[in-house]
């Protein structure tokens, strides 16, 4: 395999929130991964697992409690104001909710043009041309530039969000659940658009979502998070074909498949209960309390990610003995 | 066993809005048998929620118009619910027909203890003492597998997680052992593992109580495992109906096909571009003349934009409203499984 350039390296990233009375909400607790230039890294997990916090910390929207986010050789959490502005020119984010993430009092043209103005990329006629070009790129019309966000449907708003992110020609985009608020047919439109843009502009994505089948479709590699920890990490096909961590297995088996025969054939691995609170989590494997295979060791020591097969990492004490089961 | 308990006939619902009259449901017919699960599938704004709220009599009175001139009827055991007074409707609602909503946080009373809320619905519909109602409420909470039920009875909704709130709502809906449960996107706000738990729960309770379930959803995956029959709605009309196998393997309407194709298949490793439907659903204030799907349909013909197609009947359960099944239609280039002789 050719040596690819690592665009982003996340090292032991931690983000804690102080929720008062000496309680710490450990939203992200020691996560490591690398994203290569031009690839899509998927991040999945249930709500409250820390995937969105992770994305926002990678973008520098949250101050990290510990660890590093190295973007093209520089730790983004050590940047001064000027350098930070430079960084935001290269990295952008698309938010989950297309209703609350667009300023209702700005026209679409100004929303898209704001980044261009801040970074002084284009002015006057050139700026206008650029905005039109972006609108057309995401499948909207020139005429839409003068309208306000409330005049658009959810899918169209999400396109505006994408156009805004692309306006300053970033290399890296964090997509934080960009499709979960949309209808199925519109989801496909947006995902196709993201893939097409990636090919055209050699973009790198961090794609965060809880829709596992869509993540599989768009991602090259996928990380599974549970309660602030990365529990499994692999190439996307490998992960879906051979999940190894007990949590990933249960998660995969819970995905409803739009195929009645497949549904009948499939055996679901139930997991009891719900995701525990991330406030002052117990030591040991975070999944131990709900895991069928948990032993004493799991409750005491937190397992590290280890490479089981080429490029497939799992954080589980018992993964080797359970592999064939 | 196979007695029909609910029949909806030619239901038209429209709303007065500032922009004009929005025709949300435009002629919907279906029936429901005891113990059966009917899934209503479609995108947002297709009229699936309006249909289910019309059955429950929950649509706002001020701006809703249910057109009775066309013979619109909602027959429950042969009696027309549309003719019921509000008082009579209250007796049915919650005891004979219950509904659970998409968002359990906004549909539970935040200032009332969970136990009291469940007991309330029992007290309204049955002549029992408060103690008895609370005892039954506790049994319901245990039935929906809420751990530590006696303590949980005394808690407020905000102390519950999303999955548990949905369970509490199911407990409340089922407290009076209804004959029909309408579940409007019951798992959309929940994670997949919790979704699986809730769907299992609804399934097992359905068997136990021999209820009929109307499942309203946009998630075809959920439908595949639980539904007996499916109807696909688009712009206020049912465009195709059939049993599970017919809809998933032998669907005949281009819209059903498009819905099925736009979901990525998790068990195949192809990274081809997803099938994506162009455009957006039509404006229901000015619904198009002919088939409302025609502007987005890749097989659209001239006639499609002029006249709404008649329903073609394929089997006892499957019908489809599409001009492609007209004997004179040009069927070149269509998928083979789609073209079958109607009756």
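Residue numbers (UniProt numbering), protein chains in the order written: chain A, 1 to 325; chain B, 1 to 343. Note that CB positions come from ideal geometry on N, CA and C, so glycine has one too.
Test: residue i CB closer than 7 Å to a CB of chain A
{"i": "residue 203 of chain B", "result": "no"}
{"i": "residue 224 of chain B", "result": "yes"}
{"i": "residue 339 of chain B", "result": "no"}
{"i": "residue 248 of chain B", "result": "yes"}
{"i": "residue 171 of chain B", "result": "no"}
{"i": "residue 215 of chain B", "result": "no"}
{"i": "residue 43 of chain B", "result": "yes"}
{"i": "residue 312 of chain B", "result": "no"}
{"i": "residue 282 of chain B", "result": "no"}
{"i": "residue 21 of chain B", "result": "no"}
{"i": "residue 273 of chain B", "result": "yes"}
{"i": "residue 335 of chain B", "result": "no"}
{"i": "residue 244 of chain B", "result": "yes"}
Chain B within 7 Å of residue i, Cβ atoms only
{"i": "residue 278 of chain A", "result": "no"}
{"i": "residue 51 of chain A", "result": "no"}
{"i": "residue 310 of chain A", "result": "no"}
{"i": "residue 202 of chain A", "result": "no"}
{"i": "residue 23 of chain A", "result": "no"}
{"i": "residue 214 of chain A", "result": "yes"}
{"i": "residue 189 of chain A", "result": "yes"}
{"i": "residue 46 of chain A", "result": "yes"}
{"i": "residue 1 of chain A", "result": "Legend: pLDDT at residue 1 of chain A = 45, less than 50; position of this residue unreliable, no value from coordinates given."}
{"i": "residue 83 of chain A", "result": "no"}
{"i": "residue 192 of chain A", "result": "yes"}
{"i": "residue 75 of chain A", "result": "no"}
{"i": "residue 184 of chain A", "result": "yes"}
{"i": "residue 263 of chain A", "result": "yes"}
{"i": "residue 260 of chain A", "result": "yes"}
{"i": "residue 217 of chain A", "result": "yes"}
{"i": "residue 180 of chain A", "result": "no"}
{"i": "residue 160 of chain A", "result": "no"}
7 Å Cβ cutoff met for residue i and residue j
{"i": "residue 28 of chain A", "j": "residue 52 of chain A", "result": "no"}
{"i": "residue 213 of chain A", "j": "residue 266 of chain B", "result": "yes"}
{"i": "residue 253 of chain B", "j": "residue 239 of chain B", "result": "yes"}
{"i": "residue 299 of chain A", "j": "residue 284 of chain A", "result": "yes"}
{"i": "residue 209 of chain A", "j": "residue 276 of chain B", "result": "no"}
{"i": "residue 378 of chain B", "j": "residue 212 of chain B", "result": "Outside the shown range of chain B (1 to 343) lies residue 378 of chain B, about which nothing can therefore be said."}
{"i": "residue 15 of chain A", "j": "residue 32 of chain A", "result": "no"}
{"i": "residue 38 of chain A", "j": "residue 215 of chain A", "result": "no"}
{"i": "residue 292 of chain B", "j": "residue 183 of chain A", "result": "no"}
{"i": "residue 40 of chain A", "j": "residue 218 of chain A", "result": "yes"}
{"i": "residue 223 of chain A", "j": "residue 278 of chain A", "result": "no"}
{"i": "residue 283 of chain B", "j": "residue 189 of chain B", "result": "no"}
{"i": "residue 164 of chain A", "j": "residue 112 of chain A", "result": "yes"}
{"i": "residue 221 of chain B", "j": "residue 271 of chain A", "result": "no"}
Near the ligand HEM: residue i beta-carbon under 6 Å from a heavy atom
{"i": "residue 75 of chain B", "result": "With respect to small molecules bound, the structure shown includes none, and the ligand HEM cannot be examined in it."}
Exposure label - residue i; buried when at least 16 CB within 10 Å
{"i": "residue 285 of chain B", "result": "exposed"}
{"i": "residue 241 of chain A", "result": "exposed"}
{"i": "residue 1 of chain A", "result": "Reliability of the predicted coordinates at residue 1 of chain A is poor, the pLDDT of 45 falling under 50, and the value obtained from them is presented with this limitation in mind. Exposed is the call here."}
{"i": "residue 119 of chain B", "result": "buried"}
{"i": "residue 279 of chain B", "result": "exposed"}
{"i": "residue 306 of chain B", "result": "exposed"}
{"i": "residue 2 of chain B", "result": "exposed"}
{"i": "residue 150 of chain B", "result": "exposed"}
Limits of the alpha helix (DSSP H) - the one that residue i falls within
{"i": "residue 41 of chain B", "result": "Unbroken run through residue 41 of chain B is the beta strand (DSSP E), 37-41; no alpha helix (DSSP H)."}
{"i": "residue 171 of chain A", "result": "First-last for residue 171 of chain A: undefined, no H or E at that position."}
{"i": "residue 8 of chain A", "result": "Taken as a continuous stretch (DSSP letters only), residue 8 of chain A belongs to no alpha helix (DSSP H), being part of the beta strand (DSSP E) at 6-18."}
Within chain E, the residues that residue i reaches when beta carbons sit closer than 8 Å
{"i": "residue 254 of chain A", "result": "As a matter of chain content, chain E is missing from the structure shown, whose protein chains are A and B."}
Element boundaries [beta strand (DSSP E), containing residue i]
{"i": "residue 243 of chain B", "result": "237-243"}
{"i": "residue 100 of chain B", "result": "97-100"}
{"i": "residue 211 of chain A", "result": "First-last for residue 211 of chain A: undefined, no H or E at that position."}
{"i": "residue 116 of chain B", "result": "Premise fails: residue 116 of chain B lies in the alpha helix (DSSP H), 114-125, not in any beta strand (DSSP E)."}
{"i": "residue 26 of chain B", "result": "20-33"}
{"i": "residue 89 of chain B", "result": "First-last for residue 89 of chain B: 86-92, but that is the alpha helix (DSSP H), not the beta strand (DSSP E)."}
Would you say the stretch 138-147 of chain A touches the stretch 86-93 of chain A, given that touching needs at least three Cβ pairs under 8 Å?
Judged by Cβ distances under 8 Å, the stretch 138-147 of chain A makes no contact with the stretch 86-93 of chain A, as fewer than three pairs qualify.
Examine the Cβ distances between the stretch 152-164 of chain A and the stretch 97-114 of chain A and report whether three or more of them are shorter than 8 Å.
yes
The stretch 101-110 of chain B / the stretch 193-201 of chain B touching (three or more Cβ pairs under 8 Å)
no
Mind the definition here: the stretch 13-28 of chain B touches the stretch 226-238 of chain B only if three or more C-beta pairs lie below 8 Å; say whether that holds.
yes
Pair every Cβ in the stretch 129-136 of chain A with every Cβ in the stretch 105-120 of chain A, then say whether three or more of these pairs are closer than 8 Å.
yes
Counting pairs of Cβ atoms below 8 Å between the stretch 67-87 of chain B and the stretch 9-24 of chain B, do you hit three or more?
The answer is yes - the stretch 9-24 of chain B touches the stretch 67-87 of chain B, with three or more Cβ pairs under 8 Å.
Inspect the CB distances between the stretch 163-181 of chain B and the stretch 80-97 of chain B and report whether three or more fall short of 8 Å.
Taking one beta carbon from each stretch, the stretch 163-181 of chain B and the stretch 80-97 of chain B have 3 or more pairs nearer than 8 Å; the two touch.
For the structure I just gave you, are there three or more beta carbon pairs, one from the stretch 19-28 of chain A and one from the stretch 68-75 of chain A, closer than 8 Å?
no
Three or more C-beta pairs under 8 Å: does that hold for the stretch 179-187 of chain B against the stretch 201-221 of chain B?
yes
Taking three-plus beta-carbon pairs below 8 Å as touching, is the stretch 195-209 of chain B in contact with the stretch 123-134 of chain B?
no
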